[in-house]
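With numbering that gives the first Met the number 0 applied, the sequence shown covers 0 to 208. We put the beta carbon where it would ideally sit given N, CA and C, even for glycine. No experiment lies behind these values; they were computed from the predicted model shown.
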Amino acid sequence: MDIKNAIKFRHACKIFDENKKIKAEDFDSIIESARLSPSSLGMEHWDLLLVENKEIREKLKIECWNQAQITTASHLLVVYAKISDLKPGSEYIKDMISRRVDKNREQHEQYITKIEGFIKSNVGLSDDKIFAWSKAQCFLACENMMLMAATLGIDSCPIEGWFSEENLHKILNNNSKDRRIAMLLTFGYRLNQQKPKIRRSKDEILSIV
């Protein structure tokens, strides 16, 4: 499916056909699209957790307003936004910069200083400010994954609403000081036919100066 038709095909699928499973090679393509996503400073702010355990899915469903997608989807991803790894002085920042083969050691050190300066002055050092920045980058990866899925005829639904993020962290045994949940992302095949999309016109969304 080409990009234009994939964009039209994609919708927030509310219930999936539990009898249809995504092929391993197709899901690999979806994950690869996240790996290749753009991110601020190239820091790849995300970690992905594939949840296959049915009991965990049931617990997550209860916390997420009992949304059927979580248990009916073929695949459920938890998209984590990094926090501690993005603070100045972290080994993660040093490691990410060291991978850039176009720079020598001295240039690596200079670039680390530049990046850490940007984070201090433009992002902020509190967990909430870093999370807001990190979460925005995660959304880019999520959009890439949903679009890649659509090109393969696979449906998806992004989920950002839950009763208690703290409860989700407990269910997933995650340390919220290190990373927080940006989104839950479900993939599978629609059970019901999707209604036509309702969107504002181009003239309503585009201004020119």
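The straight-line gap separating the alpha-carbon atoms of ASN191 and HIS168 is approximately 32 angstroms.
Under the DSSP definition of a beta bridge, MET182 partners with VAL78.
In the DSSP assignment, CYS141 falls within the alpha helix (DSSP H) that extends over 126 to 150.
Here VAL50 is not near LEU184, since their CB atoms are 8 angstroms or more apart.
For SER155, the pairing in a beta bridge is given by DSSP as ALA11 and PHE186. The continuous alpha helix (DSSP H) containing LEU59 extends over residues 53 to 62. A direct Cα-Cα distance of roughly 10 angstroms separates ASP46 from ALA140.
In this structure the stretch 152 to 167 does not lie against the stretch 112 to 132, because fewer than three pairs of beta carbons, one per stretch, are closer than 8 angstroms. Residue pairing of ASP84 in beta bridges, as defined by DSSP: absent, with no partner found. Contact check for SER133 against ALA80 passes: the beta carbons are separated by less than 8 angstroms.
Per DSSP, LEU40 lies in no alpha helix (DSSP H) and is assigned neither H nor E. For SER97, the uninterrupted alpha helix (DSSP H) run begins and ends at 90 to 97, by DSSP. When only Cα atoms are considered, GLN136 and SER120 end up about 18 angstroms apart.
In this structure THR71 is not in contact with GLY160, their Cβ atoms being roughly 17 angstroms apart against a cut-off of 8 angstroms.
Taking 8 angstroms as the upper bound for CB-CB distance, LEU85 and ILE55 are not in contact here, some 27 angstroms apart.
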